[in-house]
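Under the working numbering, the first residue of the sequence shown carries the number 186, and numbering increases by one thereafter.
Backbone N, C-alpha and C fix where the C-beta goes; we use that ideal spot for every residue, glycine too.
It should be emphasised that the depicted structure is a prediction, and the values quoted were computed from it without experimental measurement.
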Amino acid sequence: MIQQRLKRSATIKLPLLEVCKAVLAEDIYSPINVPSFDNSAMDGYAYAFQDGFGEYTLVGQVAAGDSHSLELKQGEAVRIFTGAPIPQGANTVIPQEKVRINDQRILFNPQEFAKGANVRLEASQCKKGDLIVPKGSILYPGTIGLIASVGISEVLVYDIPSVGILITGSELQSPGIPLSPGQIYNSNLPTVYSYLKLLGIDKIHHEQITDHRELLKDRIQENLQKQDVLILTGGVSVGEYDFVKPVLEELGVETLFYKVNQKPGKPLYVGIWKGKWIFGLPGNPGSVLSCFHQFVKPVLLYLMGHEEVFKSDGVFPLAHPWKKKKGMSHFLKAKIDQAEIHILDGQESFNLLAFSSANCFVFLEEEMTELPIGSMVEIFKF
Ligand code: AMP
Ligand code: MG
Numbered sequence: 186m187i188q189q190r191l192k193r194s195a196t197i198k199l200p201l202l203e204v205c206k207a208v209l210a211e212d213i214y215s216p217i218n219v220p221s222f223d224n225s226a227m228d229g230y231a232y233a234f235q236d237g238f239g240e241y242t243l244v245g246q247v248a249a250g251d252s253h254s255l256e257l258k259q260g261e262a263v264r265i266f267t268g269a270p271i272p273q274g275a276n277t278v279i280p281q282e283k284v285r286i287n288d289q290r291i292l293f294n295p296q297e298f299a300k301g302a303n304v305r306l307e308a309s310q311c312k313k314g315d316l317i318v319p320k321g322s323i324l325y326p327g328t329i330g331l332i333a334s335v336g337i338s339e340v341l342v343y344d345i346p347s348v349g350i351l352i353t354g355s356e357l358q359s360p361g362i363p364l365s366p367g368q369i370y371n372s373n374l375p376t377v378y379s380y381l382k383l384l385g386i387d388k389i390h391h392e393q394i395t396d397h398r399e400l401l402k403d404r405i406q407e408n409l410q411k412q413d414v415l416i417l418t419g420g421v422s423v424g425e426y427d428f429v430k431p432v433l434e435e436l437g438v439e440t441l442f443y444k445v446n447q448k449p450g451k452p453l454y455v456g457i458w459k460g461k462w463i464f465g466l467p468g469n470p471g472s473v474l475s476c477f478h479q480f481v482k483p484v485l486l487y488l489m490g491h492e493e494v495f496k497s498d499g500v501f502p503l504a505h506p507w508k509k510k511k512g513m514s515h516f517l518k519a520k521i522d523q524a525e526i527h528i529l530d531g532q533e534s535f536n537l538l539a540f541s542s543a544n545c546f547v548f549l550e551e552e553m554t555e556l557p558i559g560s561m562v563e564i565f566k567f
């Protein structure tokens, strides 16, 4: 149902410092040769190579950033540093550790160095006009560095959505403050916030809301206007204080679906309002994580231009037998180690302890019951 309604975000030009994990919406061609001039790969001496000669007269010095145009004649060398332009007439660099200096002359064993050694030639990374990063590439730090190296400061990417996180629950206290009776710590905010960061989302607004219907309505209404995507946690089940679904519907949000035959995270709500996605995640932290992983993350990645967002990370054998009741899909905290799956203890949806070592979810279909050791199970890595 989600797949049928997914559309990419609009494209936008963004500066390089804001595009980590974004997806390129244009081909990038190099506007220049890189390097744009022959330069030294070493601290040493540049000279005009002459076969069999190991003695040259020093006539000057060039450092990185220098632009003056020295011109070398036969038999001459200059002191040179890494990244400095190779002077006219020179073509080879000898590292400083390999020479002896005698007065204004350098001496070395000519057998050790071939013509052109230790020179980075103009255009040896890429030529002006070369396609260096194709459309659809994910912009990782190295890709961003490559684009910067050809002098481009902004690129066209699929826009990165702004996300509002609304944490509901009158029992919630922030970590760092002592608990009063009946309170618990709000672990969902740091979880969801960190997950968004991991996906490359930086425009994150968050607030905490007590279980009051009118207050909730007011906060949702404002955030619907201001954010591209809304993630609510808690208050979406069938309790007397679970106002999320009725309030969303009152505000005109279209319910795409409510409740999934899965454990944890059964009362998951997904809705759409003016093209914006709204997720009501059940409050238990285990449900928040598995629903985020299976439903929210694929939508966010799709908006951002990623492909194959619903794909699992493959099937692997169970390191031990497992039993489950028939009738519901399960998402289980697990650890993949040496290509074997260990389903961890403490699968209750309130219990986060397994996340100290879990690195994937195992997905077990509704009909599965007895899984002997070695059964192949589908996993989704964190
Ligand atoms: P709810 O979906 O609001 O009924 O909450 C289900 C369970 O999750 C309750 O035990 C809540 O106390 C707990 N819970 C709700 N929100 C959070 C949160 N932000 N952090 C930790 N636990 C929560
Ligand atoms: Mg609640």
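Reduced DSSP category for A262 - H, G, I as helix; E, B as strand; rest coil: strand
Pair within 8 angstroms by beta-carbon distance, I558 and P506: yes
Cβ neighbours of E307 in the same chain (closer than 6 angstroms, five flanking residues each side left out): N218, P220, F222, D223
heavy atom of the ligand AMP below 7 angstroms from E356 C-beta: yes
Residue span of the alpha helix (DSSP H) that contains I332, given as start and end: 326 to 334
Cβ separation of V348 and I416, assumed to be a contact under 8 angstroms, to the nearest whole Å: 6 angstroms
Residues near L529 by beta carbon distance below 8 angstroms, same chain, minus five either side: L517, K518, A519, K520, A539, S542, A543
Start-to-end residues for the beta strand (DSSP E) that takes in D522: 514 to 522
Buried or exposed by the 16-neighbour rule on C-beta atoms within 10 Å, applied to E492: exposed
D498 beta carbon less than 8 angstroms from that of K566: yes
C476: first and last residue of the uninterrupted alpha helix (DSSP H) it sits in: 470 to 476
N-terminal and C-terminal residue of the beta strand (DSSP E) that N287 is part of: 285 to 287
Classification of Y241 by the beta-carbon crowding that lies within 10 angstroms, buried from 16 upward: buried
Separation of G460 from D387, as counted between CA atoms: 20 angstroms
Cross-strand partners of A231 (DSSP beta bridge): V263, V278
Three or more C-beta pairs below 8 angstroms linking the segment 316 to 336 and the segment 364 to 383: no
Helix, strand or coil at I337 [DSSP, three-state]: coil
Integer-rounded CB distance, given that T418 should sit under 8 angstroms from V484: That pair is no contact at about 16 angstroms.
Contact test: P280 Cβ vs the ligand PLP heavy atom, cutoff 7 angstroms: Although the ligand PLP was asked about, the structure shown includes only the ligand AMP and the ligand MG as ligands.
Contact set for Q412: own chain, Cβ-Cβ below 7 angstroms, skip 5 residues either direction: S347, V348, G349, H390
DSSP three-state assignment for P502, whether helix, strand or coil: strand
Same chain, Cβ closer than 8 angstroms to R285, neighbours up to 5 away in sequence not counted: I291, L292, F293
Proximity of V423 and Y454 at Cβ, strictly below 8 angstroms: no
is_contact[L556, chain B] using C-beta, thresh 8 angstroms: The structure shown contains no chain B; it holds only a single protein chain.
Rounded separation between Q246 and Q235 - CA only: 20 angstroms
Continuous beta strand (DSSP E) stretch holding Q200: start and end: Rather than Gln, the amino acid found at residue 200 in this sequence is Pro. Element bounds for P200: 196 to 200.
Member of N287, E282, Y232, T267 whose CA lies at the smallest distance from the CA of E261: Y232
Cβ neighbours of T440 in the same chain (closer than 6 angstroms, five flanking residues each side left out): G456
Spatial distance of P470 from V481 (CA atoms): 15 angstroms
Supposed close pair Q289, D228 - CB separation, criterion 8 angstroms: About 19 angstroms separates the two Cβ atoms, so there is no contact after all.
Y241: first and last residue of the uninterrupted beta strand (DSSP E) it sits in: 240 to 247
Cα-Cα separation between K206 and K382, rounded to whole angstroms: 10 angstroms
CB-CB length for G465 against V421, believed under 8 angstroms: 4 angstroms
N-terminal and C-terminal residue of the beta strand (DSSP E) that E563 is part of: 561 to 566
Those residues which DSSP pairs with T179 across a bridge: A query on residue 179 cannot be resolved here, the shown segment of the chain reaching from 186 to 567 and no further.
Neighbour-count burial assignment, L364, 16 or more Cβ in a 10 Å radius: exposed
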